[in-house]
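Trainee:
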Amino acid sequence: MKWLLLLCLPLCVDTSWAQTSGETLDIESIKRRSVAVKDSAAAICDLQTAHYGDWDDLPISATHPTVDSLLTPTIKAELLQQINIRCAQLGKDTLLTSDLFYILRPYIDWLHDTDPHYRIGARIPIDARVYKTKRDFLKKRRGLGFNLLMVEDTLIVNTSVNPLFHRGDMIVAINGIKSSEMFEYNYHDRYTSPDFLLQNYYFQHLPKDYTIQLIRNGELMTITTEGMKSQKASSSLAFEESMDNNIRIYDSAKCGYIALPKFTRFYNPRIIKVLQSNIEKFKAKGCKNIILDLRYNTGGSGYMFDNLLSLFINRHTIPYMKSQRVRVSPQTEADYEFITEDMVGQTIALPDSCVVKTIELNPELYMCDDVHIYILMSKNTSSIAASFCNILQYNASATLVGESLWRNALRYGEAVTGDVWFSSLLYETSVSTTEYDEYTLAVDGVLMPDIAIPYVAEDYLSGKDAMLEKLLDIIKN
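Note that the numbering used here has the sequence shown beginning at 39, numbered continuously upward.
As C-alpha cells, this is what we get:
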C-alpha cells in the first residue's frame, strides 16, 4: 500500500505525480525526505529539499507562450541575485516547502506579474495509513468559517459564517503567526481565506484549535475556538457570497444589484436566466441603474458568453480577438489539426480560421436600453471575468468601477497544470498556454476602471462594503 497521498487545496487529491508534465517524484523519495508537520491535528507531512550554495538556475515553463523569451539573461541574473540574498538570510541548506517559496519569491512574483494566471502552489502529502480516502481526510478538517479582504498589510474579515467573527474584524495573528509573516509566503490577492494563508505558511492550516488575535471596534481581542467543520464552513461561505444570496434593490439610488462570483459551464445558463428575470424586476420597480459585482470572480468558462453579452450590448456583431498565439507542447498539440511534431517547443500564431475575431450577438436578448450598467471589479477579477469587463467597457455598454486589474489579465489564458519544481512539493498550479491580443482600452496591459475607488483598509473596519457604498453615493448624486 502506498504510504501517502498528495493533496492540493481546496479539494484535489492526487495519488501520483504523473499528471504534471515536468519532472516526477516517486513515493520512496517522498518517504525518505518527508517530515511530520508540527502542531497539526491531521497526519500530514512536509518534504525536505536539500540545496547547497548559490542558486544559479530557474525552472522555465515548457508550456507558457512567452516566459522563456521574456526572461532575459539580465532579468534572470537580477532575480537570482535577489533569491541568493534571501537564501543567505534564511541560512538553511535543508529547505521545507515554505522555505522554498520564500526564497524563490522574487521569481514567483515576476512570473505572476508577467501573467496573473501563473501560480505556484504546493501539494500536501497525507498519511494514507490514517486516511484511506480523500473523504476520510476532509471529514477531519476544520476551518475558521470566514474569508478575508487583504489591503496592503492588513487582513480584514470580509464574509463570516462563524458567529465568533464579525465582518470588519482586523486579524492580527492566528496561532501566534502574525499577518505580516503570512504575507511573506502568499500572493497578495485581494480576497483570500485563512486556510489558504496558513497552508502556505508551513502547512499550519490544520491545527488542533485556533487562537485568534484581532481588533474589533478599536479594541484588541483574543478568541480561542476549535473552528467549524471545514466542508460545512466552505459551503456556507459559498452560499453567503453566491449570486442567489446577493440580489437586491437600493431604493435610494434606484439601483439593482447582482453579484456574479463565478462563471462555469454548468452555471452560465442559469446566470443568464437570473439576469433576465431580475433586470425585468429592477426596471419594473423604477431602477435606472444596475450594479454587477465581479470583485470575487476569478473566471472559469466562457460557455454561452455570446448570449450573456447580448443582454448588455445592442449589436449584431462585436470585435473580440485580433490574433492569438499558442505554445506547442504535449498540453496543446492535440488541440489543433494543423500542428505537427516539428512545431513542439515553438510559440506559433494561429491561423485566422482558429481565432474568434468577432462575437455574434442576439439583439433580441438585449435588455438595457433604459438602464445604466456598472461593474464592480477588483484585481481578483480574472480570466473570462476580466474579458467580460473589457468587452463591456470597449463597447461602451458599462461603466467599470473599482481598482485596476492585474497587468496582463487579458493577455494570457487557456491555463493548465504545469511542472513540479526542484523535486519538491511546489508545482505550477496554473500556467497559460495561449497569448491573446484582444480589442481593449487597456493601457500597457492594465485594464483600468472608469471610476476608480481604491481599497483603503480603514474604510472596511466598520464592517461596511466601502466600495459599494461609495458607488451608490456617486449614483445618487
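All C-beta atoms in this analysis are idealised placements derived from N, C-alpha and C, irrespective of residue type, glycine included.
#1: So, at 6 angstroms on beta carbons, what are the nonlocal neighbours of LEU410 in its own chain, with the 5 sequence-adjacent residues on each side left out?
#2: Does ASN283 pass the burial test, meaning 16 or more other C-beta atoms within 10 Å, or should it be called exposed?
#3: When the distance is taken between beta carbons, is ILE121 closer than 8 angstroms to ILE141?
#4: Give the secondary structure of ALA80 by DSSP, where H, G and I count as helix, E and B as strand, and everything else as coil.
#5: If distances are taken between C-alpha atoms only, which option among LEU443, ASN196, ASP373 and PHE343 comes closest to GLY501?
#6: For ALA74, which beta-bridge partners are listed by DSSP?
#7: Is the Cβ-Cβ distance between LEU510 and CYS325 less than 8 angstroms?
#8: With a threshold of 16 other CB atoms inside 10 Å of the CB of SER470, please say whether the residue is buried or exposed.
#9: Determine the direct distance from the alpha carbon of TYR374 to that of ASP147, and round the result to whole angstroms.
#10: Could you tell me whether the Cβ atoms of TRP459 and SER420 are closer together than 8 angstroms?
#11: Could you tell me the boundaries of the alpha helix (DSSP H) in which GLU116 lies?
#12: GLU257: buried (16+ other C-beta within 10 angstroms of its C-beta) or exposed?
#13: Between which residues of its own chain and GLN362 is the CB-CB distance below 6 angstroms, once the five residues before and five after are set aside?
#14: Could you work out which residue in LEU275, ILE351, PRO299 and LEU134 is closest to ALA519 when comparing CA atoms only?
#15: Please state the DSSP three-state secondary structure of LEU186.
#16: From the DSSP output, which residues share a beta bridge with CYS406?
#17: On the three-state DSSP scale, how would you describe PHE516?
#18: Based on DSSP bridge pairs, tell me the residues matched to VAL517.
#19: Which residue marks the beginning of the beta strand (DSSP E) containing THR472, and which one marks its end?
#20: Give a yes or no on contact between the segment 445 to 456 and the segment 476 to 489, applying the rule of three or more CB pairs nearer than 8 angstroms.
#21: DSSP three-state label for SER462, please.
#22: Measuring only the C-alpha atoms, how far is PRO183 from PRO232?
#23: Which partner residues of PRO144 appear in the DSSP bridge assignment?
#24: Just tell me which of GLN119, HIS155, ASP207 and ILE491 has its CA closest to the CA of PRO144.
#25: When burial is assigned at 16 or more other CB atoms within 10 Å of the CB, is GLN242 buried or exposed?
#26: Put PHE301 into one of helix, strand or coil per three-state DSSP.
#27: Per the contact definition of three or more C-beta pairs closer than 8 angstroms, is the segment 254 to 274 in contact with the segment 173 to 189?
#28: For the beta strand (DSSP E) that contains ARG157, what are its first and last residues?
#29: Let's see if you can read the secondary structure: which residues bound the alpha helix (DSSP H) around LEU346?
#30: CB THR101 to CB SER367, shorter than 8 angstroms?
#31: In this structure, what does DSSP give as the bridge partners for ALA387?
#32: In angstroms, rounded to a whole number, what distance separates the CA positions of LYS300 and ILE422?
#33: Should SER198 go down as buried or exposed, given a rule of 16 or more other Cβ atoms within 10 Å for buried?
#34: With a 10 Å radius around its C-beta and 16 neighbouring C-beta atoms as the bar for buried, classify ASN255 as buried or exposed.
#35: Quick one: what's PRO357 bridged to in DSSP?
#36: Would you mind working out which of ASP497, LEU149 and GLU507 sits nearest VAL189, comparing C-alpha positions?
Mentor: In brief:
#1: For the record, residue 410 in the displayed sequence is His; it is not Leu. Correct list, in chain order: ASN327.
#2: By the neighbour-count definition (other C-beta atoms within 10 Å, threshold 16), ASN283 is an exposed residue.
#3: Yes, they are a contact pair.
#4: Looking at ALA80 - three-state DSSP - the assignment turns out to be coil, as it is neither helix nor strand.
#5: Ranking the options by Cα distance to GLY501, first place goes to ASN196.
#6: According to DSSP, residue pairing for ALA74 in a beta bridge involves CYS83.
#7: Not closer than 8 angstroms, so no.
#8: A buried status is given to SER470, since no fewer than 16 other beta-carbon atoms sit within 10 Å of its beta-carbon.
#9: Straight through space, the alpha carbons of TYR374 and ASP147 are spaced by roughly 32 angstroms.
#10: No.
#11: DSSP places GLU116 in the uninterrupted alpha helix (DSSP H) bounded by 111 to 128.
#12: By the neighbour-count rule (16 or more Cβ atoms within 10 Å), GLU257 is not buried but exposed.
#13: Cβ within range, chain order: LEU388, VAL393 and TYR474.
#14: Because the chain here runs from 39 to 515, residue 519 falls outside it and cannot be looked at.
#15: In this structure, LEU186 counts as strand in the three-state DSSP scheme.
#16: Under the DSSP definition of a beta bridge, CYS406 lacks any partner.
#17: This structure does not reach residue 516, given that the chain is present from 39 up to 515, and the question cannot be answered.
#18: With the chain covering only 39 through 515, there is no way to say anything about residue 517.
#19: If you look at THR472, you'll find it in the beta strand (DSSP E) that goes 472 to 476.
#20: Look at the beta carbons and you see the segment 445 to 456 touching the segment 476 to 489: at least three pairs across the two are nearer than 8 angstroms.
#21: SER462 falls in the coil class under three-state DSSP.
#22: Pro is not the amino acid found at residue 183; the sequence shown has Gly there. A straight-line Cα-Cα distance of about 9 angstroms links GLY183 and PRO232.
#23: The secondary-structure analysis by DSSP pairs PRO144 with nothing; it has no beta-bridge partner.
#24: For PRO144, the nearest C-alpha among the options comes from GLN119.
#25: Buried.
#26: In the structure shown, PHE301 sits in a strand (DSSP, three-state: E or B).
#27: Yes, the segment 173 to 189 is in contact with the segment 254 to 274.
#28: Looking at the DSSP string, the run of the beta strand (DSSP E) that includes ARG157 is 157 to 160.
#29: For LEU346, the enclosing alpha helix (DSSP H) stretches over residues 343 to 348.
#30: Their beta carbons are under 8 angstroms apart, which means THR101 touches SER367 by this criterion.
#31: As a beta-bridge residue in DSSP terms, ALA387 pairs with ARG363.
#32: Taking the straight line from one Cα to the other gives about 10 angstroms.
#33: So SER198 counts as buried.
#34: By the Cβ-count criterion, ASN255 is exposed, with fewer than 16 other Cβ atoms from all chains shown falling within 10 Å of its own Cβ.
#35: PRO357 is bridged by DSSP to THR396.
#36: Per the Cα distances, ASP497.
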